[in-house]
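Visitor: Below is one structure. I have some questions about it.
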Amino acid sequence: MADSNQRNQDMPADDMAEFLSVYIDETGEQCEQFVSLLLALESEPRDARRIAEAFRLIHTIKGSAALIGLDSITSLAHHLESHFERLRSGSLLLDGPTIELALRCIDYFRQCNDRLRQGEKLAPADELTEAVKRLAQTQPATAPRPEAPAPVAPPVAPPATPAPAPAATIPPPPPAVSVEAPEPASAAPSPPAVRPAGDAPAADERLRRIRVQFAPGLPMIDLKAELVLARLGRLGKVVESSPAASDFAASPALRTLEIVLRTAAAGSAITIAADVDGVVGVDLDVEPIMETPAAPAPAEATAVVETMRVGVDRLDVLLNLVGELVVSRARFVQLVADMSPLFKKSAVGGRSGGTGQSLREAVESIVRSASGPVDRAAAACESHLEKLEEQGRMWEEGIRRYAELVESVDHLTRVADSLQRGVLSTRMVPVGPLLNRFKRSVRDIANELGKSVTLQIAGEKTELDKRMIDELGDPLVHLVRNAIDHGIEPADVRLRRGKPEMATVRLSASHRGNSVIISISDDGGGIDVEKIRDRAIARGLVSAEQAASLSPRELTDFIWQPGFSTAKQISNISGRGVGMDIVRTRIEALSGSIDVETKLGEGSTFIIRLPLTLAIARCMLFRMEQAVFAMPVENVREIVTVTDDCILSVGGRRVCDIRGEFLPLVDMDEIFSWPTGGADRGQRGAVLVMHAGSRAVAVCVSSLLGTQDLVVKSLDENFMRIRGLGGASILGDGEVCLLLDAAAVVDIVMRSRTVTEGRV
Amino acid sequence: MESARAPDAKQAASAQFVGFEIDGQKYLFRIERIQEIITPGSVTRVPDVAGYVVGVSNLRGTIIPIIDLRLLFGIKARDPNADTRTIVVNIGNRTMGCMVDSVSQVIRIPVDQIHSAPDAVAADGQRSVEGFARAGDDLFILLDVGSLLDPASLAIVHRAGLPGIPGLPSSDKAS
């Protein structure tokens with residue numbers, strides 16, 4: 015350790031910062047993996063493969079920490095590693111307290127990461143280190159074994175863990191960090207465990223395992239599978255497929271097709287060949303397959319895709335540029351559309367040709383019929399005519415060029431669209447790590463409350479914009495806590511209701527159109543609307559008569575009110591009524607919405623709907639007298655024409671009747687105040703019904719301009735936040751349009767209505 | 233318009249300014265605070281802001297607020313004409329535009345010709361007045377861009393009205 019400190023001081027400061035950020039990223043991922051291993055080990059403490067894997071991870075963390083001279087982490091990891099070494103050798107058995115302590119160590123590592131990120135000093139780990147040492151004293155330590163840590167079993171493919179490891183840039187591996195015999199895999203995380211003999215095959219051909227995943231419910235799946243097989247067959251020889259080609263027709267619910275292909279083709283070529291319409295994922299095993307596999311490859315060993323780390327700021331720059339490109343593409347499309355009447359063959363060009371022709375005939379007839387002084391005038395006409403014809407030819411040329419322009423703009427559009435999708439996809443990360451974090455929280459919360467709960471996770475591969483993943487953590491924690499604390503009944507109640515004692519909380523993610531759905535469901539008691547009714551009356555939110563007429567749906571909506579809780583007891587975890595409203599605010603800040611479905615006695619499901627990305631939004635544009643406004647299409651429920659007899663006026667506020675549903679009807683100047691006034695009441699082109707979650711408001715709009723992809727820009731970056739506006743965007747003609755924030759607008763309208771009703 | 237007049241003043245001891253005019257009064261911004269000067273483009277109105285915020289504009293992909301200095305100083309609005317310019321300035325990490333009646337060329341003024349503002353001016357709430365300078369026959373009021381256009385203090389500037397120096401002749405008195 016002294017050595018690594020020494021090196022540390024010699025290192026230039028910016029190199030250090032770079033190593034630090036690599037360290038933070040990698041350790042973060044390793045901590046995640048370590049926690050999920052521990053949780054799995056909790057139920058199967060003798061799983062040697064997992065213990066070995068855990069040992070390897072802790073060893074890697076130690077190595078990386080030592081390399082940049084983080085002594086407290088190195089020392090703690092060292093003792094923890096020693097302990098895991100004993101577990102691995104079988105001289106000790108993994109028990110509850112050890113897991114508990116190991117989790118606390120991970121908490122410490124994470125806390126250190128946070129501090130490192132903030133540039134703060136690390137907290138001492140003496141107490142934890144002592145605790146780990148004491149753990150070791152329960153049984154005398156056996157001599158460390160000299161063999162390499164990770165045995166033949168390939169690692170549980172660490173997601174996107176490349177190895178631009180510090181070790182690669184600093185020639186000697188840290189000498190003083192290792193207590194065991196020297197080993198090659200010191201600081202480099204997740205080295206490919208073992209390269210079988212097939213690593214350097216004599217021929218270029220090798221066996222590749224390809225896993226193709228199809229979208230669920232795909233029609234004619236058997237044909238798709240055959241297509242994939244045929245396309246791959248062109249690249250080499252299909253050795254085997256699972257299910258076999260003859261069984262395709264018999265597997266209507268086929269989702270995954272595994273193929274072993276003998277080929278010399280590159281991975282990218284294979285991926286392209288396998289990626290036919292309807293395929294949602296192609297995973298490629300980079301590891302060569304041994305001709306006679308001793309044991310089947312572990313199920314987790316999926317693709318090892320080559321990756322590299324790129325700073326988010328660089329991606330942001332790219333995204334901004336793509337935004338510019340999207341705007342200028344829109345401008346081109348607009349220009350071409352504007353020009354099209356000019357260049358329509360039947361229009362000006364053709365007509366001017368025709369005009370020239372008839373003019374020529376007229377002139378010629380004059381020349382024929384007349385003589386003498388007319389000649390000179392005729393000659394002049396002639397020369398003018400020639401010019402006109404020349405211009406006509408140029409015009410024809412222009413029409414041809416215009417057709418080429420249209421084609422080029424089409425091409426530009428396609429390229430820009432692909433580029434936009436490509437750049438957006440670089441920001442997309444799977445929700446897996448986010449959801450898997452809850453394995454730990456669910457375990458802790460359930461233990462604390464004395465409930466037994468299993469967590470089911472589905473759709474880990476669903477991808478979401480990284481920023482959203484970062485911001486979703488807190489709201490999800492709250493919802494999960496809520497589900498365990500409020501949703502799930504005590505064991506005796508569950509048994510009485512005929513439910514298994516072990517309750518289930520399910521976290522799942524999926525794509526639906528342009529949105530991502532994340533749902534949190536429990537099989538607990540559900541939301542008791544009668545309790546809500548009582549509570550709403552007790553809190554004076556509604557009168558008893560009003561409450562009696564409210565539908566269960568409307569009653570359920572009260573849970574989103576600040577300070578509303580039906581929990582009888584206030585626990586450490588929930589019941590203070592703070593939270594649900596904050597959860598909703600946070601989700602809405604991400605341009606998402608949250609709803610709840612509940613059935614008394616059977617459980618509740620909270621459904622979060624989020625746009626795929628925050629950077630580009632598909633919007634409905636409409637022009638108002640004040641400005642052009644845009645509303646994300648997810649928030650547009652419908653566009654209706656409303657006749658005057660459907661509009662009621664209640665205390666100066668208008669309400670409109672849309673198929674029996676009464677919605678507040680507002681103009682832009684009721685939502686916002688405009689510095690220079692400018693009401694355009696009366697001129698009502700259409701009514702746009704916008705909704706946020708289950709609440710809806712009708713807004714009068716002058717004219718609709720259609721939908722467009724908009725690059726969302728912030729208003730507060732250069733100026734200030736304006737309530738009700740989610741940002742601004744630049745249209746094809748360079749004009750700025752204002753983006754409405756549906757949730758905030760609905761809030762503004764509802765609040766102004768409540769105030770008025772209060773006064774009346 | 234007015235360039236470095238006298239070589240007798242040491243070149244090194246002079247500073248560069250951009251001069252502009254509002255309602256007949258001439259003002260200066262330090263050149264290093266200015267990003268660029270543009271002819272006003274299309275401005276989109278925004279709600280829930282003070283009257284002197286004309287709206288937002290697209291400056292090559294960045295959305296910047298546009299502030300009308302006439303309105304900010306409490307002078308009646310005037311329709312933009314051929315001389316109207318938007319001066320784009322950087323305040324902290326924000327970029328903003330301010331509309332002025334006209335902009336003159338860059339002016340170099342010797343440092344010793346710049347007089348700091350009397351204390352009375354600052355006490356008057358006109359913290360944006362940094363000083364004044366005479367160049368040729370013209371009297372310029374030097375404004376500090378940062379304290380003039382900082383969103384947090386715009387309202388204060390607005391309340392203080394037209395920046396001026398008491399006791400110095402101004403072409404027009406603000407009401």
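One line per chain: the protein sequences are Z and W, in this order.
As numbered in the numbering used here, residues 15 to 774 make up the first sequence, in order.
As numbered in the numbering used here, residues 233 to 407 make up the second sequence, in order.
Beta carbons are placed, not taken as given, at the ideal position from N, Cα and C, and that holds for glycine.
These numbers come from a predicted model, not from an experiment.
Check the DSSP bridge columns for Leu-371/W and list the partner residues they point to.
Guide: Within the second sequence, the letter at position 139 stands for residue 371/W. BP columns for Leu-371/W point to Arg-366/W.
Visitor: With DSSP collapsed to three states, give me the class of Leu-232/Z.
Guide: By 1-based counting over the first sequence, the position of residue 232/Z is 218. Note: Leu-232/Z maps to coil in three-state DSSP.
Visitor: In the DSSP output, what is Lys-613/Z paired with across the bridge?
Guide: What you label residue 613/Z is simply residue 599 of the first sequence in a count that begins at 1. Answer by DSSP bridge pairing, in chain order: Gly-617/Z.
Visitor: Mind the definition here: the region 485-502 of chain Z touches the region 603-621 of chain Z only if three or more C-beta pairs lie below 8 Å; say whether that holds.
Guide: Yes, the region 485-502 of chain Z touches the region 603-621 of chain Z.
Visitor: Mind reading off the beta-carbon distance from Ser-687/Z to Pro-395/W? Whole number of angstroms is fine, and I expect it under 8 Å.
Guide: The residue labelled residue 687/Z in the question sits at position 673 within the first sequence. The residue labelled residue 395/W in the question sits at position 163 within the second sequence. About 28 Å; that fails the 8 Å criterion.
Visitor: Compare the C-beta of Cys-633/Z with all C-beta atoms of chain W and state if any pair is closer than 8 Å.
Guide: On the first sequence, position 619 is the one that residue 633/Z refers to. So, not an interface residue.
Visitor: Let me know if Ile-296/W comes out buried or exposed under the rule of 16 or more other beta-carbons within 10 Å of its beta-carbon.
Guide: Taking the second sequence and counting its residues from 1, one reaches residue 296/W at position 64. When all chains shown are included, Ile-296/W counts as buried.
Visitor: Assign Thr-318/W to one of two classes, buried (16 or more other C-beta atoms within 10 Å of its C-beta) or exposed (fewer than that).
Guide: Translated into positions along the second sequence, residue 318/W becomes position 86. When all chains shown are included, Thr-318/W counts as buried.
Visitor: If you draw a straight line from the alpha carbon of Ile-736/Z to that of Met-764/Z, how long is it in whole angstroms?
Guide: Position 722 of the first sequence, counting from 1, holds the residue named residue 736/Z. Position 750 of the first sequence, counting from 1, holds the residue named residue 764/Z. Their backbone Cα atoms lie some 18 Å apart in a straight line.
Visitor: If you reduce the DSSP assignment to three classes, tell me which class Glu-411/Z lands in.
Guide: Taking the first sequence and counting its residues from 1, one reaches residue 411/Z at position 397. Here Glu-411/Z sits in helix by DSSP.
Visitor: Assuming Gly-741/Z and Ile-685/Z are in contact, meaning their beta carbons sit under 8 Å apart, how far apart are those beta carbons, in whole angstroms?
Guide: What you label residue 741/Z is simply residue 727 of the first sequence in a count that begins at 1. What you label residue 685/Z is simply residue 671 of the first sequence in a count that begins at 1. About 16 Å; that fails the 8 Å criterion.
Visitor: Would you kindly report the start and end of the unbroken beta strand (DSSP E) that includes Asn-496/Z?
Guide: Translated into positions along the first sequence, residue 496/Z becomes position 482. Looking at the DSSP string, Asn-496/Z is not in any beta strand (DSSP E); the run it does join, the alpha helix (DSSP H), is 480-496.
Visitor: Nearest to Gln-267/W by CA position, among Val-377/W, Val-288/W, Val-343/W, is which residue?
Guide: Counting from one through the second sequence, the residue named residue 267/W turns up at place 35. Comparing Cα-Cα distances from Gln-267/W to each of Val-377/W, Val-288/W, Val-343/W, the minimum goes to Val-377/W.
Visitor: Kindly confirm or deny that the region 537-550 of chain Z and the region 455-465 of chain Z touch, where touching means at least three C-beta pairs closer than 8 Å.
Guide: Too few Cβ pairs lie closer than 8 Å, so no.
Visitor: What does a CB cutoff of less than 7 Å around Met-234/Z pick up in its chain, not counting 5 residues either side in sequence?
Guide: As a working mapping, residue 234/Z is identified with position 220 in the first sequence. Answer for Met-234/Z: no residue qualifies.
Visitor: Quick one: which chain Z residues come within Cβ less than 8 Å of Gly-378/W?
Guide: Numbered from its first residue, the second sequence carries residue 378/W at position 146. Here the premise fails: no neighbours, minimum Cβ distance about 15 Å.
Visitor: Going by Cα to Cα distance, which pick from Arg-391/W, Lys-258/W, Ser-274/W, Ile-254/W is closest to Ser-369/W?
Guide: On the second sequence, residue 369/W is found 137 positions in, with the first residue counted as 1. A small fix is needed here, since residue 369/W is Asp in this sequence, not Ser. Cα-wise, what sits closest to Asp-369/W is Lys-258/W.
Visitor: Counting C-beta neighbours from all protein chains within 10 Å, is the total for Leu-151/Z 16 or more, i.e. buried, or is it exposed?
Guide: For the purposes of this step, residue 151/Z is identified with residue 137 of the first sequence, where counting begins at 1. Before going on, a small fix: residue 151/Z reads as Gln here, not Leu. Result: exposed.
Visitor: Counting only C-beta atoms, is Ile-630/Z closer than 8 Å to chain W at any point?
Guide: Here residue 630/Z is taken as the residue at index 616 of the first sequence, counted from 1. So no, Ile-630/Z is outside the interface.
Visitor: If we ignore side chains and look at the alpha-carbon of each, how far apart do Pro-355/Z and Ser-529/Z end up?
Guide: For the purposes of this step, residue 355/Z is identified with residue 341 of the first sequence, where counting begins at 1. For the purposes of this step, residue 529/Z is identified with residue 515 of the first sequence, where counting begins at 1. Those two C-alpha atoms are separated by around 38 Å.
Visitor: Quick one: which unbroken beta strand (DSSP E) runs of 3-plus residues sit fully inside the region 244-268 of chain Z? Chain order, please.
Guide: Here the runs fully enclosed are 250-256.
Visitor: Quick check on the burial criterion: 16 or more other C-beta atoms within 10 angstroms. Buried or exposed for Phe-305/W?
Guide: One-based indexing of the second sequence puts residue 305/W at position 73. Buried: at least 16 other Cβ atoms inside 10 Å.
Visitor: Between the region 707-723 of chain Z and the region 620-639 of chain Z, do three or more beta carbon pairs fall short of 8 Å?
Guide: With a cut-off of 8 Å, the region 620-639 of chain Z and the region 707-723 of chain Z count as touching, because enough Cβ pairs lie within range.
Visitor: Show which residues of chain W have a CB atom less than 9 Å away from the CB atom of Cys-10/Z.
Guide: This structure cannot speak to residue 10/Z, because chain Z is shown only from 15 to 774.
Visitor: Using DSSP bridges, identify the partner residues of Thr-74/Z.
Guide: Here residue 74/Z is taken as the residue at index 60 of the first sequence, counted from 1. Paired residue(s): none; Thr-74/Z is not in a bridge.
Visitor: Note down, in chain order, all residues in the region 317-337 of chain W with a beta-carbon under 8 Å from any beta-carbon belonging to chain Z.
Guide: Correct list: Arg-326, Thr-327, Met-328.
Visitor: When you compare only the Cα positions, how much space is there between Ser-743/Z and Leu-753/Z?
Guide: Sequence index remark: in the first sequence, residue 743/Z carries index 729 (1-based). Sequence index remark: in the first sequence, residue 753/Z carries index 739 (1-based). Each residue's alpha carbon lies about 7 Å from the other.
Visitor: Which whole runs of the beta strand (DSSP E) in the region 494-554 of chain Z are 3 residues long or more, in chain order?
Guide: Taking only runs of at least 3 residues, the beta strand (DSSP E) segments lying wholly in the region 494-554 of chain Z are 517-526, 529-536.
Visitor: Does chain W have any CB closer than 8 Å to the CB of Ala-167/Z?
Guide: The residue you call residue 167/Z lines up with position 153 of the first sequence. Low confidence applies here, because Ala-167/Z scores a pLDDT of 42, under 50, leaving its location unreliable; read the following figure in that light. It does not; no Cβ of chain W falls within 8 Å.
Visitor: Compare the C-beta of Phe-620/Z with all C-beta atoms of chain W and state if any pair is closer than 8 Å.
Guide: On the first sequence, position 606 is the one that residue 620/Z refers to. No, no contact with chain W.
Visitor: Give me the residue from Leu-677/Z, Asn-649/Z, His-97/Z, Thr-476/Z with the minimum Cα distance to Arg-526/Z.
Guide: Here the question's residue 526/Z lines up with position 512 in the first sequence. Ranking the options by Cα distance to Arg-526/Z, first place goes to Thr-476/Z.
Visitor: Under 6 Å Cβ to Cβ from Ile-762/Z, same chain only, skipping five residues before and after it: list those, please.
Guide: Stepping through the first sequence from its first residue, residue 762/Z is reached at position 748. Same-chain partners within the cutoff: Ile-685, Gly-738.
Visitor: Does His-92/Z pass the burial test, meaning 16 or more other C-beta atoms within 10 Å, or should it be called exposed?
Guide: What you label residue 92/Z is simply residue 78 of the first sequence in a count that begins at 1. Buried is the call here.
Visitor: Once you ignore the five residues that flank Leu-84/Z on each side, which residues in its own chain have a CB closer than 6 Å to its CB?
Guide: The residue labelled residue 84/Z in the question sits at position 70 within the first sequence. Cβ neighbours of Leu-84/Z beyond the five flanking positions: none.
Visitor: When DSSP builds the beta bridges, which residues end up paired with Glu-277/Z?
Guide: In the first sequence, counting from the first residue as 1, residue 277/Z sits at position 263. According to the sequence displayed, residue 277/Z carries Thr and not Glu. Bridge partners of Thr-277/Z: Arg-220/Z, Gly-250/Z.
Visitor: Determine the burial state of Arg-511/Z: buried for a count of at least 16 other Cβ atoms within 10 Å of its Cβ, exposed for fewer.
Guide: For the purposes of this step, residue 511/Z is identified with residue 497 of the first sequence, where counting begins at 1. So Arg-511/Z counts as exposed.
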